[in-house]
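These notes concern the structure reproduced below.
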Amino acid sequence: NAGVTQTPKFRILKIGQSMTLQCTQDMNHNYMYWYRQDPGMGLKLIYYSVGAGITDKGEVPNGYNVSRSTTEDFPLRLELAAPSQTSVYFCASSPSGGGYEQYFGPGTRLTVT
Amino acid sequence: AQKVTQAQTEISVVEKEDVTLDCVYETRDTTYYLFWYKQPPSGELVFLIRRNSFDEQNEISGRYSWNFQKSTSSFNFTITASQVVDSAVYFCALRVSSEYGNKLVFGAGTILRVKS
């Protein structure tokens, strides 16, 4: 049981490039989330999903896209990377949206130069 | 508004001191959940505790204790006899409801530095 895994761990992008951050969970959780954490700041929700085929925007969705074709996977797509997207990205999952805690992946550190 | 405020940006203590981290929340939900997470220097997020709005009983787990008071909308976290390994960023979070489901709103975090 690996929990929530994220790839890659680190990535440097040039301005205007695109990439996909991968997130997979093996706990059969319905809910999945993407957050970004800027230096010295809390976590801000980018997108979340309550099940396969259902996604919704969080606080800071601009510049990102997501899809949820399976329960396990929740990739985050960055189109036309900008320096403002330099951050640490965390994926998380939870069994449902009730009172369950979220389980976090190890994070992806992204730098856009 | 549905939000979490952690007014203490950074706290420094000497080992063995007790320290309390404050968390104040706002929500329009009648049923809600509060959480504390720890982020050590290694960067991962570690779940510490969950509390629902119906249960105001304080909780103690080893050196950690939590004081939940609905009257003041606070969910404070106390570490007794702090240790260097407690040095981390601590986040308080609130589950909020939305059209498509529930999500967590995080506070800005409190950096705790424990010096030996």
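Those sequence lines, one after another, are chains F and U.
Position 36, counted from 1, in the first sequence is what my numbering calls 36; the numbers after and before it change by one each time, with no gaps.
For any residue, its number in my numbering is found by taking its place in the second sequence, counting from 1, and adding 1000.
For every residue, glycine included, the Cβ atom is placed at its ideal position computed from N, Cα and C.
Bridge partners - residue i, DSSP secondary structure assignment
i, result
"U:Glu-1044", "Its beta-bridge partners do not exist; DSSP assigns none."
"U:Val-1019", "U:Ile-1079"
"F:Leu-10", "As written in the sequence, residue 10 of chain F is Phe, which differs from the Leu given in the question. DSSP, once it has assigned bridges, lists F:Arg-109 as partnering F:Phe-10."
"F:Gly-51", "F:Ile-54"
"F:Asn-30", "Paired residue(s): none; F:Asn-30 is not in a bridge."
"U:Val-1105", "U:Leu-1094"
"U:Tyr-1110", "The question names Tyr, yet the displayed sequence has Thr at residue 1110 of chain U. Answer by DSSP bridge pairing, in chain order: U:Tyr-1090."
"F:Gln-37", "F:Leu-43, F:Val-88"
"U:Tyr-1032", "Note: U:Tyr-1032 sits in no beta bridge, so no partner."
"U:Gln-1039", "U:Val-1089"
Partner residues on chain U for residue i, Cβ-Cβ distance less than 7 Å
i, result
"F:Phe-90", "Leu-1045"
"F:Leu-45", "Lys-1103"
"F:Gly-3", "Within chain U, no residue comes near F:Gly-3; the closest Cβ sits about 11 Å away, beyond 7 Å."
"F:Gln-102", "Leu-1104"
"F:Tyr-64", "Per Cβ cutoff of 7 Å: no residues; F:Tyr-64 is ~16 Å from chain U at best."
Test item: CB-CB of residue i and residue j under 7 Å
i, j, result
"F:Arg-11", "F:Leu-110", "yes"
"F:Gln-37", "F:Cys-23", "no"
"F:Glu-121", "F:Ser-18", "Outside the displayed range of chain F (1 to 113) lies residue 121 of chain F, so it cannot be described from this structure."
"U:Glu-1026", "U:Ala-1007", "no"
"F:His-29", "F:Ser-94", "yes"
"F:Thr-71", "F:Ala-52", "yes"
"U:Tyr-1033", "U:Asn-1052", "yes"
"F:Gly-42", "U:Phe-1075", "no"
"F:Ala-81", "F:Val-112", "yes"
"U:Thr-1005", "U:Thr-1078", "no"
"U:Val-1013", "U:Ser-1073", "no"
"U:Ser-1116", "U:Glu-1010", "no"
"U:Glu-1044", "F:Pro-106", "yes"
Proximal chain U residues relative to residue i, where beta-carbon distance stays under 8 Å
i, result
"F:Leu-21", "Result: empty, since nearest Cβ-Cβ is about 15 Å, beyond 8 Å."
"F:Pro-75", "Result: empty, since nearest Cβ-Cβ is about 19 Å, beyond 8 Å."
"F:Pro-106", "Gly-1043, Glu-1044"
"F:Gly-58", "Lys-1103"
Residue-level contact to chain A via CB, residue i, 7 Å cutoff
i, result
"U:Gly-1062", "The chain inventory of the structure shown lacks chain A, comprising the protein chains F and U."
Closest residue to residue i among the options (Cα-Cα distance)
i, options, result
"F:Thr-20", "F:Asp-26, F:Val-50, F:Trp-34", "F:Trp-34"
"F:Thr-86", "F:Lys-44, F:Gly-58, F:Pro-39, F:Gln-25", "F:Pro-39"
"U:Arg-1028", "U:Gln-1083, U:Ser-1097, U:Pro-1040", "U:Ser-1097"
"F:Phe-104", "U:Gln-1039, U:Ile-1060, U:Phe-1054", "U:Gln-1039"
"U:Ser-1087", "U:Glu-1015, U:Arg-1113, U:Arg-1050", "U:Arg-1113"
"F:Ser-69", "F:Gly-58, F:Gly-63, F:Ile-54, F:Asn-62", "F:Ile-54"
"U:Asp-1018", "U:Val-1084, U:Arg-1095, U:Ala-1093, U:Phe-1091", "U:Val-1084"
"U:Phe-1035", "U:Val-1024, U:Leu-1048, U:Pro-1041, U:Ser-1042", "U:Leu-1048"
"U:Val-1046", "U:Ala-1093, U:Lys-1115, U:Asn-1102, U:Ser-1116", "U:Ala-1093"
"U:Arg-1050", "U:Phe-1091, U:Ser-1071, U:Gly-1109, U:Ala-1108", "U:Phe-1091"
Partner residues on chain F for residue i, Cβ-Cβ distance less than 9 Å
i, result
"U:Arg-1028", "The contacting residues do not exist; U:Arg-1028 stays about 16 Å from chain F at best."
"U:Phe-1091", "Gly-42, Leu-43"
Partner residues on chain F for residue i, Cβ-Cβ distance less than 8 Å
i, result
"U:Phe-1068", "Those do not exist, as U:Phe-1068 stays about 13 Å from chain F at its closest Cβ, beyond 8 Å."
"U:Ala-1108", "Met-41, Gly-42"
Chain F contact residues for residue i, given Cβ-Cβ distances below 7 Å
i, result
"U:Phe-1035", "Glu-101"
8 Å contact criterion, which residue i and residue j should meet: CB distance rounded
i, j, result
"F:Tyr-48", "F:Asp-56", "6 Å"
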